[in-house]
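The structure appears right after this line, and notes come after that.
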Amino acid sequence: MPGTAVDAPRQTPESYVRWSIRAIACLALFCAALEGLTRYGFSHISRIEARIASEHQAALAIRRGSRPTLLMIGNSLMLEGIDYVRLQNELAPEASVVRFPIEQTQYLDWYYGLRRIFGEGSQPDMVVLCMSAEHLIDSRIRGDYSAYYLFRLADIPQIRREIDYDLTKTSGLVLARFSLFYAGRSPLRNFVLVRTDPAYAAMLQRLAPTQAHFPPDREMERIAEIRLTDLRNLCSSHGARFAYLLAPGFGPGEAPLVEAGIQSHTDVMHPVHLNEWGGEKFRDGFHLNPAGARLFTDKVAPLLAQRLSQH
């Protein structure tokens, strides 16, 4: 009859289930495609991501051989402070060098990073961690990006306790452990910013780093002694020697680190004393410029050669 409403077909529980399954399947396919595209494309468009991915694989591929292999890890202070090709040439053919730095990482990133690197089969004869005194005693992590490249899933609960993460941040670490898209969303944003607004990105890069906060020398020595001991024991348990290399820079912290090395029986190398070099060897007051990196590498190379010759 005119004006009579026609009832819409009722949805049965079975139809709801079918639609839910289809929606979940479509979402899963979308996420898988997005992850695959990120893993393939990110390293093709980003020079930094390509380097990290390549050096990560090189670090995992280290095996014992006829000549010793040195694994150098750290953050941007090592990346820009060591002339990698120059160091390789200085130590060849007696030893080989593999580097694996990740920017913005600190002690906890690399303690747990080494646990994963060793756990996945890497067999370096010697490990050198290069960073500042501040980075050794700090208790922060890079976050989700470290979860993808450095953390084992089994270690995330312990990491959570050490840095006092809440459940939301901890869940992010778990997701980032398996997803480069999620772990790399901040680097992706930075990459887009550099491409779309290079002037603004350059201004952000020129901002001076915040002043480091150091605890009293006794407290710094105590923290450093514990952490150096843990790193040395971890490497020793996998048949590798460990050494800490203090990056050139400014400020306090050298004396407590040296004493911590003595007390922990850990090799602490400081070929350039803090505050020894002027600002002309640094590009930003924090990272060495190419000339400074060459000088620092020339000081580091014979120290490493001496230690590797004792292999």
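Here the numbering used here is used: the first residue of the sequence shown is 29, the next is one more, and so on.
Think of the CB as a built atom: it goes at the ideal place given N, C-alpha and C, for glycine as much as any other residue.
Can you tell me the Cβ-Cβ gap for residue i and residue j, rounded? I've got them flagged as a contact below 8 Å.
| i | j | result |
| --- | --- | --- |
| G212 | F70 | 6 Å |
| A333 | L119 | 6 Å |
| I90 | D137 | Between D137 and I90 the Cβ distance is about 19 Å, and since that is not below 8 Å, they are no contact. |
| F209 | E63 | 5 Å |
| G281 | L302 | 7 Å |
| V125 | L115 | 6 Å |
| R260 | S292 | 7 Å |
| T198 | R188 | 5 Å |
Could you work out which residue in the options is closest to residue i when comparing CA atoms only?
| i | options | result |
| --- | --- | --- |
| I110 | S94, R95 and F128 | F128 |
| R322 | Q134, P244, V300 and L262 | V300 |
| D183 | S104, G141 and N317 | G141 |
| V296 | K197, A319, R246 and T257 | T257 |
| A275 | C158, R335, I76 and E148 | C158 |
| L107 | I76, N117, L88 and A86 | I76 |
| S207 | P226, T196 and Y176 | Y176 |
| C263 | M248, L201, F146 and F242 | F146 |
| L273 | H241, P280, F324 and E247 | F324 |
| L203 | P226, N218, G171 and T224 | G171 |
| A268 | M248, V156, A53 and R50 | V156 |
| G200 | Y173, N218 and R144 | Y173 |
| A243 | P185, S167 and N218 | Looking at the sequence provided, one finds Pro at residue 243 rather than Ala. For the residues P185, S167 and N218, the minimum Cα distance to P243 belongs to S167. |
In the DSSP assignment, the alpha helix (DSSP H) including residue i goes from what residue to what residue?
| i | result |
| --- | --- |
| P129 | Where P129 is concerned, there is no enclosing alpha helix (DSSP H), although the beta strand (DSSP E) it sits in stretches over S124 to P129. |
| V328 | P318 to S337 |
| T345 | Here the chain has residues from 29 to 339 only, and residue 345 is not among them. |
| D166 | Run containing D166: none; DSSP gives neither H nor E here. |
| V286 | E282 to S292 |
| D172 | D172 to Y177 |
| V113 | Y112 to L119 |
| E190 | I184 to I191 |
| V144 | Checking the sequence shown, residue 144 turns out to be Arg, not Val. That run of the alpha helix (DSSP H) goes Y135 to G147. |
Buried or exposed: residue i, going by 16 or more other Cβ atoms within 10 Å of its Cβ?
| i | result |
| --- | --- |
| G102 | buried |
| S337 | exposed |
| S4 | Here the chain covers residues 29 to 339 and nothing more, so residue 4 does not appear. |
| R92 | exposed |
| M29 | Legend: pLDDT at M29 = 49, less than 50; position of this residue unreliable, no value from coordinates given. |
| F179 | buried |
| E148 | exposed |
| I254 | exposed |
| L57 | exposed |
| V45 | exposed |
| P41 | exposed |
| I80 | buried |
| K327 | exposed |
| P318 | exposed |
| H298 | buried |
| A60 | exposed |
Within the continuous beta strand (DSSP E) that includes residue i, where are the two ends?
| i | result |
| --- | --- |
| R269 | R269 to L274 |
| L201 | First-last for L201: L195 to F206, but that is the alpha helix (DSSP H), not the beta strand (DSSP E). |
| I90 | Segment: none, I90 is in no beta strand (DSSP E) and carries neither H nor E. |
| V155 | M154 to M159 |
| L99 | T97 to G102 |
| V296 | D295 to M297 |
Any beta-carbon of chain C closer than 8 Å to the one on residue i?
| i | result |
| --- | --- |
| L178 | In the displayed structure, chain C is absent; only one protein chain is listed. |
Using 7 Å as the cut-off, classify the Cβ of residue i as near or not near the heavy atoms of the ligand ADP, replying yes or no.
| i | result |
| --- | --- |
| L331 | In terms of ligand content, the structure shown is empty, and the ligand ADP therefore cannot be addressed. |
Query raised in the report: Is the region 280-295 in contact with the region 308-316, if contact means three or more CB pairs nearer than 8 Å?
Result: no
Report task. Flag this pair as touching only if the region 192-208 and the region 291-311 have three or more C-beta atom pairs under 8 Å; answer yes or no. Result -> no
**Report entry** Meets three-Cβ-pair contact criterion under 8 Å: the region 132-139 and the region 162-182
**Finding:** A contact between stretches requires three or more CB pairs, one per stretch, nearer than 8 Å, and the region 132-139 meets this requirement with the region 162-182.
**Report entry** the region 140-157 in contact with the region 86-97 per 3-pair CB rule at 8 Å
**Finding:** Segments in contact, yes.
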